[in-house]
Structures are given as structure tokens and as C-alpha cells.
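Asks: The listed protein sequences derive, respectively, from chains A and B.
Numbered according to this note's numbering, the first sequence spans residues 1 to 400.
Numbered according to this note's numbering, the second sequence spans residues 401 to 800.
C-beta: ideal position from N, C-alpha, C; glycine also.
There are 2 protein chains.
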Amino acid sequence: MTKVAILGMGTVGEGVYTAIKRSAARGSDLELKYALDVRDFPGAEFEKLVVHDFSIIEQDDEVRIVAETIGGVRAAYEFTRRALAAGKSVVTSNKELVATHGAELLRLAGENGVNYMFEAAVGGGIPLIRPICQCLHANVISEICGILNGTTNFILDRMISGGVPFDRALAEAQALGYAELDPTDDIEGKDALRKICILASIAFGRHIYPEFAQAEGISGITSEDVAAAASCGYAIKLLGRYVLTDDRHCCVYVAPHLVGSGDIVAHTNGVFNCVRVRGDIAGDVAFYGRGAGGLATASAVVADLEDCVRFGGKTKHPSLWEDGDADCLSSTDRLVTRWFVRADRLPDTTSNGETVFGDIQKIGDGVFITKPMRSDAFKSALGVFSGEAQVFSAIRILPE
Amino acid sequence: MTKVAILGMGTVGEGVYTAIKRSAARGSDLELKYALDVRDFPGAEFEKLVVHDFSIIEQDDEVRIVAETIGGVRAAYEFTRRALAAGKSVVTSNKELVATHGAELLRLAGENGVNYMFEAAVGGGIPLIRPICQCLHANVISEICGILNGTTNFILDRMISGGVPFDRALAEAQALGYAELDPTDDIEGKDALRKICILASIAFGRHIYPEFAQAEGISGITSEDVAAAASCGYAIKLLGRYVLTDDRHCCVYVAPHLVGSGDIVAHTNGVFNCVRVRGDIAGDVAFYGRGAGGLATASAVVADLEDCVRFGGKTKHPSLWEDGDADCLSSTDRLVTRWFVRADRLPDTTSNGETVFGDIQKIGDGVFITKPMRSDAFKSALGVFSGEAQVFSAIRILPE
Chain A
1 MTKVAILGMG
11 TVGEGVYTAI
21 KRSAARGSDL
31 ELKYALDVRD
41 FPGAEFEKLV
51 VHDFSIIEQD
61 DEVRIVAETI
71 GGVRAAYEFT
81 RRALAAGKSV
91 VTSNKELVAT
101 HGAELLRLAG
111 ENGVNYMFEA
121 AVGGGIPLIR
131 PICQCLHANV
141 ISEICGILNG
151 TTNFILDRMI
161 SGGVPFDRAL
171 AEAQALGYAE
181 LDPTDDIEGK
191 DALRKICILA
201 SIAFGRHIYP
211 EFAQAEGISG
221 ITSEDVAAAA
231 SCGYAIKLLG
241 RYVLTDDRHC
251 CVYVAPHLVG
261 SGDIVAHTNG
271 VFNCVRVRGD
281 IAGDVAFYGR
291 GAGGLATASA
301 VVADLEDCVR
311 FGGKTKHPSL
321 WEDGDADCLS
331 STDRLVTRWF
341 VRADRLPDTT
351 SNGETVFGDI
361 QKIGDGVFIT
371 KPMRSDAFKS
381 ALGVFSGEAQ
391 VFSAIRILPE
Chain B
401 MTKVAILGMG
411 TVGEGVYTAI
421 KRSAARGSDL
431 ELKYALDVRD
441 FPGAEFEKLV
451 VHDFSIIEQD
461 DEVRIVAETI
471 GGVRAAYEFT
481 RRALAAGKSV
491 VTSNKELVAT
501 HGAELLRLAG
511 ENGVNYMFEA
521 AVGGGIPLIR
531 PICQCLHANV
541 ISEICGILNG
551 TTNFILDRMI
561 SGGVPFDRAL
571 AEAQALGYAE
581 LDPTDDIEGK
591 DALRKICILA
601 SIAFGRHIYP
611 EFAQAEGISG
621 ITSEDVAAAA
631 SCGYAIKLLG
641 RYVLTDDRHC
651 CVYVAPHLVG
661 SGDIVAHTNG
671 VFNCVRVRGD
681 IAGDVAFYGR
691 GAGGLATASA
701 VVADLEDCVR
711 FGGKTKHPSL
721 WEDGDADCLS
731 STDRLVTRWF
741 VRADRLPDTT
751 SNGETVFGDI
761 QKIGDGVFIT
771 KPMRSDAFKS
781 ALGVFSGEAQ
791 VFSAIRILPE
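1) Arg606 of chain B to Ala503 of chain B, Cα distance in whole Å?
2) If you pair each beta-carbon of the segment 337-344 of chain A with each one of the segment 149-157 of chain A, do three or more pairs fall below 8 Å?
3) Report yes or no: do three or more beta-carbon pairs, one from the segment 426-444 of chain B and one from the segment 383-392 of chain A, lie closer than 8 Å?
4) Quick check on the burial criterion: 16 or more other C-beta atoms within 10 angstroms. Buried or exposed for Ser661 of chain B?
5) What ranges does the alpha helix (DSSP H) occupy inside the segment 210-296 of chain A, keeping only unbroken runs of at least 4 residues that lie completely in it?
6) Which residues, in chain order, does the segment 564-575 of chain B contribute to contact with chain A at a C-beta distance below 8 Å?
7) Against Ser542 of chain B, what residues of chain A qualify as contacts under a CB-to-CB distance less than 8 Å, listed in chain order?
8) Reducing DSSP to helix, strand and coil, say where Tyr178 of chain A ends up.
9) Based on the DSSP output, what are the partners of Lys362 of chain A in its beta bridges?
10) At 7 Å on the CB atoms, spell out the chain B contacts of Asn139 of chain A, in chain order.
11) So with CB distances below 7 Å, who are the chain B contacts of Gln134 of chain A?
12) If the criterion is Cβ atoms closer than 7 Å, does the pair Val416 of chain B and Val701 of chain B meet it?
13) Measure how close the beta-carbons of Leu148 of chain A and Asn112 of chain A come, nearest whole angstrom, since I'm counting them as under 8 Å.
14) Excluding five sequence neighbours on each side, which residues of the same chain lie with their C-beta closer than 6 Å to the C-beta of Leu798 of chain B?
15) At least one CB of chain B closer than 7 Å to the CB of Val285 of chain A: is that the case?
16) Does the segment 221-234 of chain A come close enough to the segment 268-278 of chain A to have 3 or more Cβ pairs within less than 8 Å?
17) Which partner residues does Glu143 of chain A have in the DSSP bridge list?
18) Between Gly633 of chain B and chain A, is there a C-beta pair that is closer than 7 Å?
19) Would you identify the three-state DSSP class for Phe778 of chain B, choosing helix, strand or coil?
20) If you drop the 5 nearest sequence neighbours on each side, which residues of the same chain put their C-beta closer than 7 Å to that of Lys762 of chain B?
21) Is Glu468 of chain B helix, strand or coil by DSSP?
22) Would you check if the segment 119-134 of chain A and the segment 520-535 of chain B touch, i.e. whether three or more CB-CB distances between them fall below 8 Å?
23) Taking the beta strand (DSSP E) that Ala5 of chain A falls in, what are its first and last residues?
24) DSSP three-state call for Leu105 of chain A: helix, strand or coil?
25) Below 8 Å CB to CB, which residues in the same chain sit around Arg290 of chain A once its five sequence neighbours on both sides are set aside?
26) Which of the three DSSP states is assigned to Phe385 of chain A in this structure?
27) Leaving out five residues on either side along the sequence, give the residues of the same chain with a beta carbon under 7 Å from the beta carbon of Gly294 of chain A.
28) If contacts are defined as beta-carbon pairs under 8 Å, then Asp704 of chain B and Glu462 of chain B qualify, I think. What distance do you get, rounded to the angstrom?
29) Tell me whether Thr350 of chain A sits in a helix, a strand or coil according to DSSP, three-state version.
30) Would you say Ser493 of chain B lies against chain A (beta-carbon separation less than 7 Å)?
31) Glu468 of chain B to Ala476 of chain B, Cα distance in whole Å?
32) Buried or exposed: which applies to Gly471 of chain B, given that a residue is buried once 16 or more other Cβ atoms fall within 10 Å of its Cβ?
33) Straight-line CA distance for Arg796 of chain B to Asp765 of chain B?
34) Quick one: what's Ala75 of chain A bridged to in DSSP?
35) Following the continuous alpha helix (DSSP H) through Glu458 of chain B, name the residue where it begins and the one where it ends.
36) Any beta carbon of chain B sitting closer than 7 Å to that of Gly289 of chain A?
See the structure below:
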């Protein structure tokens, strides 16, 4: 049996405990030896496994793999470094840690001949990291885009399908336990940014740090935006997006987008996530499922644990990327998309029949769609237009 | 460099050649040594690698991996057995061979300490086999359902979105090269049945032979069916379906289904495939992409080739299943679904307010939906109803 320790017995940690138990009942080789937490859990099934001191785990050579489900970048970062340095593989669901220190921790794992694996860090239970690393390995990935945050997708879905305003949809998400009491990281796109940065790092081969990329959230999206978008066949979705711009640069950002009904991403409802990957050989492939929830996330953690066992804890995971810097990122200013604009009036047409945005497609009262244009060109046109009209919103349209 | 031979230089074989070349340009360890075909390919880039005699490959110890893209169960079967017996791993896109002789070939690979891999046999370039085997390994898979044949999905899509009748949609598919000149295997669901049988074998752990399972195709689907289904919010899709009925049995079949608009499968258009997998831990996850095409399929073949290299050609693929027999399969008679019926009139209501189908939901002239009922019960009710009405169609509704 391979002895495992879980760090942090929160929702995901408890899910991992349950999933290990179920998988052991079906003959897996995993056995839980310790459950690290500050709490005691009197009466819990795993009560006798609870320890409060990480060094017990660190110094126990029998523990071959550590499942880190603490979250955040403090204790989780320290314990992960110490576990890797002690020759234990680490499996994690901690997107913040991977997005912030992934390159360093992958290097440390390699130096110690162990694995640092994080299938659960993006898309919860959706197989995503391993399929991109392994199954699409023959491909140059030119684009990744996806719904990476279930909370904001639930809120937008309620606005779209339920006609509910943003504030009430957020309150519903909180009442159902989908949103944190402080939902800022979700609503402002920070959570989605960490996840798209992890996927971008895999595709690009160098670490893409969230601090160098931009996130725009959904707090500015109104019921009127949602209705106007629907009137021309689009759903508004908060997307993380990676675009390979050339061999040495990529563009990574999070922002609301209008998504056409022909796109599978537009039909991802409720708390589900969906990630579409474009490869030069495989074409478009997409992955869909529950992006959060203790048990769904645990499914991915246990898959990584089982891989560590299968590889004997000694084979490096093929998702390694090198460190990166701000220079990897190309500005979103150069990205070309169509734009959806909602204002109190349509832009004037000049003598050549065009507007300040060039040729536009009129949708309705003050609502129009531009031709594909660079973001910087769009923004300067929008600056001019704002002088003559009240602009309520300007949202990118996801290219097909 | 790891030397590879391709067997069969058809669309997929040529795609594999291209994909190996691209991946070698990016530093992969694969090198093509032979291309087996009956033809000569004068002027082709790979002309000098062409051989006509399989024993050249069989006897060349330098060739570690064989990519079998011949198709069918004659030469492909013989060459695969000989290659495995000669200690070479075999990677294939041949769904017919895997569905027919998979258990035997997996066993033979194991006996010879090599791999038999078939990511490309189901869903073309969509990562599917490896995610199910590895990423969802901790799960008991209770259901798999999906669009596994792009040709029939294209035809149904043209009927749904284009209002085109079946015969014209089929002619369009043939003109575009999506359908074979003899499209019987596609139209009658035989191709989809092979693929769902492969996925079922993985999930169930025993070989599910297509000959013991039933396939119903789409040749009976009319424009009136498609329109009536759309009027109540459903799309008609040809689905392969695996349902775990108990520890020792499963139900596997192919048939047209009505799929609700809340289901991601309903939004899979054109030649795309989509497979939804239900795990007890991960919940519902789905995989989407191009199910066919030389290059998309080659992406999966090359992923398998690279895995063979990474594992040194000696590690067994964890998708092994044991042989199975007809007793594995439970009858579709016991499956419970709602049914969509289109007839020249609605069924009569008896004194207790019910019809021969029990309580029904009336959709329109002669169109109704039953409550969930066992197939055998539905069929006997349909027999009675057929005595008093002309029944045009009866189609299962996919449960949520």
C-alpha cells in the first residue's frame, strides 16, 4: 500500500478522504495515513489520523505522496516545498499556489525526482491538464478559451435564463453555497485568471504569471446587456482566454465575451465549466464538467495520486514548464475581435457611409456590433463616441 | 530516436505521417522508418519508406512501434498479432478491430510486455480513452452516452437546422466527403455501436462485443419527427449509450434519442462528436471535438506513439479489460425512459383519465410524450395503440 497524507481537511480534503476510501474498496493501492489540520474533528471517521504538526508527515518516510488541499500561498507553499524536498510527490487542487509558484515547485519536484501534479487545480473534476499535456501533445495549441469559474457562470446563467438582475443572482449563488461570502475573486475574474494562466503555462511552455495579465469581471454586466446580446443570438460568458500570438509571445486575459449559439461554450450552464482548446492537428476539442465541489475536485486529486503510484513516484509529469516573465505576454491591445456596444444612440454615419468604428452591424436602439478590429483601435473609437453618446457597455465577441 | 512503421497509407495513415513530421520538428523522439501499403506512391514525400511486405517490418528489431491505420479485421488483425508477438507496441485508429478482437489483442500485448493503444479508435482527435482510463479512474462510471458518428450527426443537423429531408442531407454528406459511398455502417448505427462498445468495455472491465448489442440507425427519422421534436425543445441525435445496470451487467445500444436543450450533447452540431461520462465522484463530464478526419485522428495516434516512447514500450496501458460474453449485457427491455410518439391521433383516454401508455404529455396533433416507462412495457402499449392509430415514429428521450 502507498501511504498518503492529506493537508487541509476542508471541503476538498474531506472529498479526497471519501474518494480514497471508495477507491481502496475497489482495490486501489492508496492508504491514508495522516490528515493534517488545525482542527481536531472529534467523532469524524478520520479522527485518529488527524495531526497538527506537518513535521510528523515530513519526517515519516512511509508517506510517499501528499495531497495538498489547504489553498492559498502561505502554509500550502511552505508545506509543498518541504514535502518535495523530503522526496514526496505532491498532488494539489490549489490553483493559487500553482499559478503563483508553479514553475519553482515543478523545478523542485524534478530536482528531487518526484512529481508535482495539479489536475484538480483547473476545472475541478474535468480531465483537462493530462489530456492537454498528453493527448494533445503532438499539437501546437494556438488558443484556449473557457468558462473557468462556476460561480460567475451560475450568476450569468440566472441573468440570461431567469431574467434575474446581477445582485439577486449573486445572492442566490451565495445562498446555494456556490459563492463565497466575499465573492470578489470570482466576480472580478481573479479566480478564472489563475486557471487560464495555468493552462497558458502548459500550452506556452513558460510560466505565465497572473500579475502580468489582466482580468475584467462581470460586476458591470446588466440585465439589459444580457437581453440585448440574446436578441442577436449571443450568450454573455466570462471567459479566460489564451492566444498564441507568435513563437515567443502569447496573450492571456479574462473578460466577459459574447459567445455565439454555434459554440459549445455558449451552452455551458449553471456551475459547469467548459474549456475549448484549438490544436493545429486535432482542431477544436472541448472539455466540460463540474468545475468545483469537494467530490468532483477530489476525483481529479485521486487520479493524480493513482498516477503517482503507477509511475512509482519517480517519473516526472510531462507538463513541466520553465519560468517566465512579463515579456512572455503580448498586450491585449493587439487582439482583433468584433465588439458589441450598447449606448443611448447609434454612432453617426459620415459621408463615406461609415461610423467612427468603421462599418457596423445595427442590432437595435443604440445596440450595434463592429467589424473585427484591434482593441486599441476600438478603444480610441469608443473614446470619440463617448463624447457624443452615453455608452452603457462594450463587450468583446468571441471569434469562432 | 524511436523507429516507427505505419501500416496503411490512407487518409489517417497520411495524417499520421504529417503529424509525426511536425512533432519531430518540435523535438519529439519519433522517426518513421517504413510505410506499408499495397500502392507505391511515386512522388510522395514518404515514397522511399514504402514497403509492400509486412515481414520486413516484423523482422526489423529497430522498429519498436507500429501504427496500424489499415482498418477492417483482416490484414489489420493479422499484422497486429504478428507485430505484438514480435515485441512491438501497436497503436491503432481501427475501431472495428478493437471492438471485435480488443480483449485478445490486449492480452497478447500484455503477454509480450508491450502496449496495444487505441485513443484514435473512438472520437478521432478527442482525448477520450486516456481521460476515462486515467483521469476518471477513481470513479464508478454509471453511464456513457454520446454522439459517436459525425456523418449521422451532420445529416441530423442539416435536417434540424436546414430543414433538409434525410435523402438530400445524406447526398450533401457524401458530396462533402463526410459519408462513404456505401454509408450503411454509419446510417444504421454500426459504426457508433463499435465505438460505444469500446468505451463500454473500458468502463465495465470486460469486453462488450458489438454482435451482442443492438443498433438502430437514423434512416427512419423524418423531417416531421425533427420538427415535432424541436417544437417541444428537443434535438434528435443518434446516441451510443452504456448504462451500468448492476455489478455484473450493463446495457449497451445505439439508437436515435430526443435530447433536451439543457444537455451539452444537444448542441453538438455538424460532424462533431460529444461523449458524456457520468462518474460517481466527478459527476458528469463531457468531451467534444472532431470525431473523424485524417489529421484529427492522427493527433490521437501520435499521442499514443509518444506515450509508448515515454513508457519505454514496456509499461502496460491501464485500459486492459478481460474477455466478455453475451451474459455481460442486460436487455434494453428493462431500460426506463420517456418516449416521444408521433401518430395520426392521440391515444384514447380511459375512465381513469389515462391512456394505454398511462399518463401522457400532449405536444400537438398526434404528438405526445410518455412518463418514464420500461421499454418492454412501452412496446406492448405501442402494439395496442398501433391497432387503433397509425404510428409514424416512437423515439426514446435521453434521461437527464
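Replies: According to the structure shown:
1) 8 Å
2) no
3) no
4) exposed
5) 223-231
6) none
7) Result: empty, since nearest Cβ-Cβ is about 13 Å, beyond 8 Å.
8) coil
9) A:Phe368
10) Ser699
11) Arg530, Ala703, Asp707
12) yes
13) Leu148 of chain A to Asn112 of chain A, Cβ: 30 Å. No contact.
14) His657, Val659
15) yes
16) no
17) A:Val243, A:Arg278
18) no
19) helix
20) Leu746, Phe768
21) strand
22) yes
23) 2-7
24) helix
25) Gly124, Gly125, Ile126, Gly150, Val271, Phe272, Asn273, Ala296
26) helix
27) Thr11, Val12, Glu14, Gly15
28) Wrong, their Cβ atoms sit about 19 Å apart, outside the cutoff.
29) coil
30) no
31) 7 Å
32) buried
33) 19 Å
34) Ala75 of chain A is not bridged to any residue.
35) 454-459
36) yes
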